[in-house]
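Structure, as structure tokens:
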Amino acid sequence: MARTSLNATLRREAPKDQNPVALTDQNLMNGVHLFAQNCAVCHGSAKGTASLSPIAKGEYPPPPQLATDGVEDDPEGDSFWKIKHGIRLTGMPSFGYSLNDQDIWTLALFLKHMDKLPPAVQQTWLQVQNWPDIAANQVIQK
Ligand code: HEC
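With the first letter of the sequence shown counted as 1, position 103 gets the number 220 in the working numbering; the numbers rise by one all the way through.
Spelled out as structure tokens, the structure:
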């Protein structure tokens, strides 16, 4: 039910135009940073399903681990809409209150290209953590 209505909403409301954020290394790098700050805790790191965060493990429905359950085939306008408005009755929040359209398109660009990143961007992506570093937390506790 919810799925049918989401698809209908996407057909009606998701922007059909091209991503206004150009495909450049710098924009992809910005996308990695935005993803690390806002999304990795649920949608995972470059390790994908091999390393779920405690939050990702406990969500229902589960958040797709985008490195392995990618959305590269989805139109960027659909990803833009989902990020901006969230997905009802799931843990997927609306980022329309905290990120501007430029940031959201930058995220959509990264999602579209995350399986074919240029080497410098890939290197940064490999360092993204989906949960605070345990060793660092132990230092804080001492
Ligand atoms: C609190 C957890 C959480 C956070 C944080 C989160 N999401 Fe999600 N997201 C989800 C869940 C859960 C779903 C699956 C919803 C469903 O089953 O329809 C989802 C679905 C999605 C989808 C649709 C995937 C598909 O296969 O259609 C996209 C795209 C997405 N999220 C992008 C993002 C981006 C980008 C961010 C960061 C700006 C983000 N999400 C932050 C939980 C989260």
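Don't be surprised by glycine CBs; every beta carbon is placed ideally from N, CA and C.
Is residue i buried or exposed, if buried means 16 or more other CB atoms sit within 10 Å of its CB?
| i | result |
| --- | --- |
| residue 122 | exposed |
| residue 226 | buried |
| residue 229 | buried |
Who are the near neighbours of residue i in its chain, counting only those whose CB is closer than 8 Å to its CB and skipping five residues on each side?
| i | result |
| --- | --- |
| residue 238 | 142, 145, 146, 149 |
| residue 132 | 194, 197, 198 |
Tell me where the alpha helix (DSSP H) around residue i begins and ends.
| i | result |
| --- | --- |
| residue 227 | 218-230 |
| residue 236 | 236-243 |
| residue 152 | 142-155 |
| residue 120 | 119-130 |
If I'm right that residue i touches residue j with Cβ under 8 Å, what's the distance once you round it to whole angstroms?
| i | j | result |
| --- | --- | --- |
| residue 198 | residue 130 | 6 Å |
| residue 234 | residue 200 | That pair is no contact at about 19 Å. |
Spatial neighbours of residue i within its chain, please: C-beta separation below 6 Å, excluding the five flanking residues on both sides.
| i | result |
| --- | --- |
| residue 157 | 245, 247 |
Report all residues from its chain with a CB closer than 7 Å to the CB of residue i; omit the five preceding and five following residues, and keep chain order.
| i | result |
| --- | --- |
| residue 185 | 165, 166 |
Please tell me whether, using a cut-off of 7 Å, the distance from the CB of residue i to the nearest non-hydrogen atom of the ligand HEC is below it.
| i | result |
| --- | --- |
| residue 155 | yes |
| residue 250 | no |
| residue 232 | no |
| residue 176 | yes |
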